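I have placed the structure first, in the form of C-alpha cells, so that the comments after it can refer back to it.
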Amino acid sequence: MTQLEELRAVVRQFVAERGWDRHHNPKNLAIALAVEAAEVLEHFNWCSEADSFRLPPERRKAVADELSDVLMGVIRVADLLEIDLAEAFAAKMVENRAKYPPEKVQGRAIKYTEL
Numbered sequence: 000m001t002q003l004e005e006l007r008a009v010v011r012q013f014v015a016e017r018g019w020d021r022h023h024n025p026k027n028l029a030i031a032l033a034v035e036a037a038e039v040l041e042h043f044n045w046c047s048e049a050d051s052f053r054l055p056p057e058r059r060k061a062v063a064d065e066l067s068d069v070l071m072g073v074i075r076v077a078d079l080l081e082i083d084l085a086e087a088f089a090a091k092m093v094e095n096r097a098k099y100p101p102e103k104v105q106g107r108a109i110k111y112t113e114l
C-alpha cells in the first residue's frame with residue numbers, strides 16, 4: 000500500500016466514524032477546498048515575501064494545519080471520483096514538462112500560453 004493509499008484509508012475511516020458520507024460529494028468538497036485554500040492564504044495576508052519564509056512557529060503550525068485540511072479534501076474528492084492521485088500526478092507532470100520546457104522558461108514566471 001502506497002502512502003497515498005494509506006492516507007485515503009485514514010480519511011475514509013475518519014469520515015465514516017463521523018457519519019459525514021452523506022455530506023461529502025465532489026461539489027461540496029470542491030467548495031470546501033476553496034475555503035481551506037483561502038485559510039492558507041490568510042496566514043500570508045500583508046506578510047512580506049521575505050517574512051513568508053520566516054514564519055514564527057505558531058503560524059507555521061497553523062499553516063501546516065490548513066495545508067493538511069486541503070490535502071484531506073483533495074484526497075477525499077479523488078477517492079469519491081475514483082481518481083488515482085499518484086497516477087494523475089505523474090501524468091500531469093509529463094504534461095507540465097511538455098508545456099514548460101526548461102530552455103524556454105528558465106527563471107521566468109510565465110504561463111505556457113505566453114511561450
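Here numbering that gives the first Met the number 0 is used: the first residue of the sequence shown is 0, the next is one more, and so on. All C-beta atoms, glycine included, are put in the ideal place defined by N, C-alpha and C. Keep in mind the model is a prediction, meaning the values are calculated, not measured.
Exercise. So the alpha helix (DSSP H) LEU3 belongs to, where does it begin and stop?
Worked result: 2-17
Exercise. Whose C-beta lies closer than 8 angstroms to the C-beta of ASP68 among residues of the same chain, with five residues either side of it excluded?
Worked result: Closer than 8 angstroms at the Cβ level, and outside the excluded window around ASP68, lie GLU35, GLU38.
For this session: Give the DSSP-derived three-state secondary structure of HIS42 in the structure shown.
Result: coil
For this session: Identify which residue in MET71, GLN12, ALA63 has its Cα closest to the Cα of LEU40.
Result: ALA63
Exercise. What do you reckon, are the CB atoms on ILE74 and ARG7 nearer than 8 angstroms?
Worked result: yes
Exercise. What span of residues does the alpha helix (DSSP H) with ALA108 cover, start to end?
Worked result: From DSSP, ALA108 is part of no alpha helix (DSSP H); its letter is neither H nor E.
For this session: Determine the burial state of PRO15: buried for a count of at least 16 other Cβ atoms within 10 Å of its Cβ, exposed for fewer.
Result: The amino acid occupying residue 15 in the given sequence is Ala; Pro does not appear at that position. ALA15 comes out exposed.
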